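Asks: Can you keep this structure in mind? I'll have questions shortly.
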Amino acid sequence: MKIKAFWRENNTLLSVALILLALSIFGLFSMGLEPFVRTTLSGFTLSALYFMVAAGLTLVFGLMDVLNFSQGSMLMIGAYAGWQFYTNPTFLFGLAPLVFALMAGLTMMAVLHPLVSKWRIPEQWQSRLRALLLVLAVVIGVLAVAGVDFRGLASTAMVATMVAGNPLAEATLQEPLASFWIRPLLLFLSGALIALAQARPGDSTVVVYKDQSRRSGMIVAGLLALVIVATLVRESGPLAVLTTNGNLRFVLALIVGTLVGAGLGAVIETTLISPLYVRPLYQVIITMGLAFVISELIQLLWDPLPYAMSRPPAFSQPGKAENIWAFFQGGNTTVDILGVTFPSYRLFIIALGVLMFVGLTLVLKYTRLGMIIRAGVQDREMVEALGINVKRVFTLVFALGTGLAALGGIGAAPFVPVEPVMGDRYLMQGFITVVIGGMGSTTGAAVGALLLGLARAFGDYLALKFSLSPAISEASTVIIMAIVLLARPAGLLGRRE
Amino acid sequence: MVEQDFILEVDAIHTFIGQFHILEGVTVQVRCNSITVLLGRNGAGKTTTLKSILGLTPPRIGRVLFDGRELQGKRAYDIAAMGIGFVPEHRAIFRNLSVAENLRIAERKKGDLERKAEFIFGLFPDLKRLYKLPGNHLSGGQQQMLAVARALVADNKLLLIDEPSEGLAPILIEQMMEAIRELSATTTVLLVEQNFLMASRLAQYYYIIDDGKSVHQGEMADLIHDEALVHQYLGASVRVEVGASSGRGGGK
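In order, the protein sequences belong to chains A and B. Numbered by the working numbering, the letters in the first sequence go through residues 24 to 520 in order. Numbered by the working numbering, the letters in the second sequence go through residues 71 to 322 in order.
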């Protein structure tokens with residue numbers, strides 16, 4: 024009885040496990056131990072990366088029904104931000120005050136609401152005023168940014184990656200503080216003008232939320248304080264970062280990359296996605312457009328070149344560790360696993376992926392936020408009726424999703440090229456992963472990622488061995504998706520509706 | 071009549087859903103510590119009235135006063151947090167959450183559930199036994215009890231209960247009525263109910279909503295004897311047979 028019930032509840036997972044087991048026994052005997060272990064480990068590495076993209080996708084889709092086509096771009100931004108922070112953070116430190124200032128300006132919207140909704144403006148002038156404000160904001164914004172040393176900073180970063188020994192030599196002097204201040208100020212003004220336009224001056228039908236104005240006021244104040252701090256440490260910051268120990272710097276880079284991704288996600292959700300919940304198709308289009316914009320911006324700032332991020336010292340000591348324990352002491356480049364020489368950094372990626380899955384599962388299962396997410400997936404209105412601010416949960420979950428992708432990006436940066444096409448590449452695989460696993464299921468995303476990663480790795484192996492076209496490994500993922508969808512239209516662990 | 075007698079005052083609200091004008095002037099006043107029932111045919115706008123009070127479908131015209139405070143322009147979660155509990159129709163519990171989690175999620179302050187546990191399990195002893203089970207393993211009656219219990223976890227001054235007897239067997243309707251009567255000793259209840267027998271035995275006051283307008287109001291005791299009025303607005307299917315259990319039973 025018990026076994027029967029267990030089978031009924033978990034038949035999908037168990038069948039997948041059985042199929043994988045059968046395939047691996049077959050593979051083990053037909054391939055021999057060495058190639059089998061190597062291919063499997065490569066597959067796990069890819070699985071971990073796919074999961075990092077897919078986790079955010081499936082989480083956001085499950086709760087909010089939003090298909091985020093910019094998820095791959097978030098991975099890319101995480102990779103660029105982390106890599107830039109690790110090799111030469113001058114650029115990021117120069118950018119930080121400007122970004123904070125713009126965000127402070129944009130957050131003014133809720134503060135402006137109660138002030139401007141009572142203005143008396145004839146109706147036909149309201150939309151013209153808004154257009155005028157937006158044009159003005161863009162002009163001021165461009166004025167503020169024009170001449171900023173973006174391109175120059177980017178080229179110092181490029182040089183720094185090549186001069187392995189001493190990146191400090193490339194940390195260039197920047198413009199004097201006194202003349203720098205004008206930029207964040209102008210950007211704050213530009214942001215505030217956009218906020219003013221969004222607050223719809225004179226439109227008395229706008230509902231004014233008092234407590235929200237107060238909260239936004241505090242956020243604006245906090246952001247302005249950040250602008251000041253960021254401006255002051257603009258020059259000393261990069262030096263301080265570059266002189267810290269490489270491993271610590273890598274950990275910091277992981278954190279910075281994740282925070283940039285999560286912060287950007289929060290901004291995107293509140294400004295672009297949330298006004299469009301009534302028009303789901305527009306959300307798809309806007310995230311798609313965003314992916315193009317981000318890709319172009321990255322090519323503008325960093326040139327369309329592939330960069331290689333060096334591995335942190337903990338994974339770059341020459342020589343091969345005899346086993347995992349020896350690696351922990353020596354920090355070697357490669358590790359011996361069951362007789363296979365495997366790059367140690369890839370093990371780190373696998374561990375990161377597993378950690379992310381376990382962490383996410385625990386958060387979903389045991390925290391209040393997780394409970395609210397699971398409840399919200401089923402019935403948003405009821406969650407709201409319990410007195411929970413679902414909108415804020417949405418922003419949080421979106422930021423969590425993009426943050427996870429960004430963490431995946433910076434994690435992957437030391438062994439895949441950091442380039443402007445990496446977003447698209449992982450987005451596609453992430454979507455296939457989510458479709459296989461079932462929209463909205465985290466475990467499904469993990470299973471899908473596992474299948475996909477292994478399919479890619481073994482596909483590559485077969486293509487090499489029988490000198491077939493490498494396209495079969497790419498095709499294999501789509502074939503798996505087709506088979507799964509034929510057997511289970513909702514995906515392996517998707518909700519059946 | 072003094073203002074403070076009423077915990078909730080709904081004043082001529084108009085609510086639109088999309089382009090449809092659902093409520094065209096609903097006025098409801100709910101007395102403190104009473105049970106008031108909204109009656110009316112299917113699609114008359116009873117559920118929308120509850121949702122409009124809660125801000126889930128905010129009224130475009132008219133005003134709602136709760137506990138002396140204006141609700142216009144507040145969001146649903148703020149309104150709920152002011153002390154309104156909502157029991158939606160169709161037993162909308164969170165099926166993928168356990169019974170414990172269904173209750174836990176309704177907490178507004180830490181420890182709400184611990185403080186209320188005794189009261190809740192006193193009303194619905196079954197839930198204590200089912201505490202660890204997932205919501206989708208519960209029977210219809212148990213789900214309905216959980217939905218009511220969920221609204222009791224936080225300190226709510228007003229409960230909006232939508233069709234608690236829907237699809238329940240007669241014996242469970244009895245139990246549900248007993249529970250609602252018991253909890254109304256400490257809080258105010260605004261009920262939507264199709265089962266006229268249940269409504270007539272529970273509520274002290276009634277409002278009849280027809281075609282999005284509130285058309286009649288008064289004390290329940292008077293309505294029971296006004297068969298013509300009942301017939302006009304609630305349809306012929308409803309017969310007032312006090313004492314007999316003629317509920318729209320069925321279910322599990």
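C-beta atoms are modelled at their ideal positions from N, C-alpha and C, and glycine is treated no differently. In this text the structure is predicted, and so the values were computed from the model without any measurement.
1. Whose Cβ in chain A lies nearer than 7 Å to the Cβ of B:Leu124?
2. Taking the CB atoms as reference points, tell me whether A:Ile163 and A:Leu208 lie closer together than 8 Å.
3. What residues from chain E crowd round A:Val413, counting only those whose CB sits closer than 9 Å?
4. What are the partner residues of B:Arg101, as DSSP defines its beta bridges?
5. Tell whether a beta-carbon distance below 8 Å holds between A:Gly105 and A:Ala436.
6. Indicate whether the contact test is met: 3 or more Cβ pairs, each with one atom in the stretch 437–454 of chain A and one in the stretch 387–398 of chain A, closer than 8 Å.
7. Would you list, in chain order, the members of the stretch 213–240 of chain B that have their beta-carbon closer than 8 Å to a beta-carbon of chain A?
8. Leaving out five residues before and five after A:Thr130 in sequence, what residues of the same chain have Cβ atoms less than 6 Å from its Cβ?
9. If contact is defined by three or more beta carbon pairs under 8 Å, each pair taking one atom from either stretch, is the stretch 213–220 of chain B in contact with the stretch 185–196 of chain B?
10. Distance check for A:Gly117 and A:Ala167, CA to CA, integer angstroms please.
11. Quick check on A:Glu404 - is its C-beta less than 8 Å from some C-beta in chain B?
12. At 7 Å on the CB atoms, spell out the chain B contacts of A:Ile242, in chain order.
13. Quick one: Cα of B:Gly115 to Cα of B:Ala269, how far?
14. With A:Asn7 as the anchor, note down where its beta strand (DSSP E) starts and where it stops.
15. So B:Ala162 contacts chain A; which residues on that side make the cut at Cβ distance below 7 Å?
16. With contact counted as at least three CB pairs below 8 Å, one residue from each stretch, are the stretch 130–141 of chain B and the stretch 373–385 of chain A in contact?
17. Interface residues of chain A around B:Phe156 at Cβ under 9 Å?
18. Among A:Ala429, A:Trp204 and A:Glu497, which residue has its Cα nearest to the Cα of A:Gly79?
19. Taking only beta-carbon atoms, is B:Arg133 less than 8 Å away from chain A?
20. Taking a Cβ distance cut-off of 7 Å, strictly less, list which residues of the stretch 245–275 of chain B are near chain A, in chain order.
21. Judging by CA-CA distance, which residue of A:Val439, A:Val441, A:Ala408 and A:Ala119 is the nearest neighbour of B:Tyr147?
22. Just the Cα atoms here: how many angstroms apart are B:Gly319 and B:Ala255?
23. Hey, out of B:Glu289, B:Phe156, B:Gly110 and B:Lys144, whose CA is closest to A:Glu404's CA?
24. Counting only the same chain and skipping the five closest in sequence on each side, list residues whose C-beta sits under 8 Å from that of B:Asn226.
25. Taking beta-carbon pairs under 7 Å, can you tell me which members of the stretch 182–197 of chain B lie near chain A?
26. Do you know whose CA, among A:Pro137, A:Gly128 and A:Leu219, lies nearest A:Leu157's CA?
27. On a Cα-Cα basis, can you pick out the residue from B:Asp292, B:Gln213, B:Gly288 and B:Ile278 that is closest to B:Ser168?
28. The alpha helix (DSSP H) spanning A:Pro512 covers which residue range?
29. Starting from A:Val444, trace the beta strand (DSSP E) in both directions and tell me its first and last residue.
30. Identify, in the order they occur along the chain, each residue of the same chain with its Cβ nearer than 6 Å to the Cβ of A:Pro120, setting aside the five sequence neighbours on each side.
31. Among A:Thr110, A:Gly354, A:Val416 and A:Arg237, which residue has its Cα nearest to the Cα of A:Ile433?
32. Quick one: what's B:Glu81 bridged to in DSSP?
33. Please report whether the beta-carbon of B:Arg165 lies at a distance below 8 Å from any beta-carbon of chain A.
34. For A:Lys388, name the three-state secondary structure that DSSP assigns.
35. Would you mind stating whether B:Tyr303 and B:Gly113 have Cβ atoms separated by less than 8 Å?
36. With DSSP as the reference, label B:Ile114 as helix, strand or coil.
Replies: Quick look at the numbers:
1. Chain A residues near B:Leu124: Ala408.
2. Against a cut-off of 8 Å, the Cβ pair of A:Leu208 and A:Ile163 comes out as no contact.
3. The question asks about chain E, but that chain is absent: this structure's protein chains are A and B.
4. DSSP lists B:Phe76 as partners of B:Arg101.
5. It is a contact, given that the beta carbons lie within the stated cut-off.
6. Three or more beta-carbon pairs separated by less than 8 Å are not found between the stretch 437–454 of chain A and the stretch 387–398 of chain A, which leaves the two stretches without contact.
7. For the stretch 213–240 of chain B, the beta-carbon criterion of a distance under 8 Å to any beta-carbon of chain A is satisfied by Arg220 and Ala224.
8. Excluding sequence neighbours, A:Thr130 sits near Ser239, Ile242 and Val243.
9. Contact between the stretch 185–196 of chain B and the stretch 213–220 of chain B is present: three or more C-beta pairs spanning the two stretches fall below 8 Å.
10. Their Cα atoms are separated by approximately 13 Å.
11. Output row for A:Glu404: interface = yes.
12. Contact note: A:Ile242 does not reach chain B at a C-beta cutoff of 7 Å; the least C-beta distance is about 18 Å.
13. Counting only the Cα atoms, B:Ala269 lies some 17 Å from B:Gly115.
14. Because chain A spans 24 through 520 in this model, residue 7 of chain A falls outside it and cannot be assessed.
15. Residues of chain A whose Cβ lies closer than 7 Å to the Cβ of B:Ala162 are, in chain order, Asp402 and Met405.
16. Pairwise C-beta distances place the stretch 130–141 of chain B out of contact with the stretch 373–385 of chain A, as fewer than three of them are shorter than 8 Å.
17. Here the neighbours are Met405, Ala408 and Leu409.
18. The shortest C-alpha separation from A:Gly79 is found at A:Ala429.
19. The beta carbon of B:Arg133 does not come within 8 Å of any beta carbon belonging to chain A, so the residue lies off that interface.
20. Answer set for the stretch 245–275 of chain B: empty.
21. Of the candidates A:Val439, A:Val441, A:Ala408 and A:Ala119, the residue whose Cα lies closest to the Cα of B:Tyr147 is A:Ala408.
22. Low confidence applies here, because B:Gly319 scores a pLDDT of 37, under 50, leaving its location unreliable and the question unanswered by this model.
23. Out of B:Glu289, B:Phe156, B:Gly110 and B:Lys144, B:Phe156 has the C-alpha closest to the C-alpha of A:Glu404.
24. Gly153, Ile154, Gly155 and Thr257, listed in sequence order.
25. So the list is empty, because no residue satisfies the distance condition.
26. Restricting attention to A:Pro137, A:Gly128 and A:Leu219, the CA atom closest to the CA of A:Leu157 is found in A:Leu219.
27. Out of B:Asp292, B:Gln213, B:Gly288 and B:Ile278, the CA that lies nearest to the CA of B:Ser168 is found in B:Gln213.
28. Unbroken run through A:Pro512: none, as it is neither H nor E.
29. First-last for A:Val444: undefined, no H or E at that position.
30. Counting only Cβ-Cβ distances below 6 Å, and skipping sequence neighbours, we find Pro207, Val250, Ala253 and Thr254.
31. When each option's Cα is compared against that of A:Ile433, the closest is A:Thr110.
32. First, the amino acid is wrong: residue 81 of chain B is Asp here, not Glu. DSSP links B:Asp81 through a beta bridge to B:Arg133.
33. Closer than 8 Å: yes.
34. A:Lys388 falls in the helix class under three-state DSSP.
35. It is not a contact, given that the beta carbons lie outside the stated cut-off.
36. Note on residue identity: the sequence assigns Ala, not Ile, to residue 114 of chain B. Here B:Ala114 carries a coil assignment [DSSP, helix/strand/coil].
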